[in-house]
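Q: Let me give you the structure first, and then I'll get to my questions.
Set out below in structure tokens:
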């Protein structure tokens, strides 16, 4: 996938809708950076976010400029930049405001592992259930 390891910038409502749906369908953790070109802290955190995208290939990283996509920023009630939203299957898991590198990395690591653990548990439960059902009927 061409976007793996990159922060994907959504410049149009169409690209936002496409990437948002892709994130929902993937069942991966999605990190959204609401930013602005005039925002100093946003420019400061941007290279760090790009590094995280290269590190966590199982996470989707999106960037939304609040001046380009005001309706999206309003829909998610973004009032300060940068604001980071963490979603899975379209549902908001966590959010925070500010260019806090350590908090950003820790939140990605925590929610990424929660997502992986939940997926592994669901798979193991389904597998065990199928095995038990197969054993019981034999």
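Residue numbers (this note's numbering): 10 to 147. Just so it is clear, CB atoms sit at the ideal spot from N, CA and C, and this is done for glycine as well. As the structure is a prediction and not an experimental result, all values here were calculated from the model.
1. Relative to the C-alpha of residue 53, which residue among 120, 109, 123 is closest?
2. Name the residue from 76, 16, 69 whose alpha carbon lies nearest to the alpha carbon of residue 121.
3. Say whether the segment 29 to 46 touches the segment 87 to 95, bearing in mind that this needs 3 or more beta-carbon pairs closer than 8 Å, one atom from each stretch.
4. Taking DSSP's pairing of strands, which residues face residue 17 in a bridge?
5. Would DSSP call residue 135 helix, strand or coil?
6. Assuming residue 199 and residue 25 are in contact, meaning their beta carbons sit under 8 Å apart, how far apart are those beta carbons, in whole angstroms?
A: Checking against the coordinates, here is how it stands:
1. 109
2. 69
3. yes
4. 71
5. Its pLDDT being 48, under 50, residue 135 is placed unreliably by the model, and the measurement read from it follows with that caveat. Three-state result, residue 135: helix.
6. There is no way to answer for residue 199, as the model of the chain reaches only from 10 to 147.
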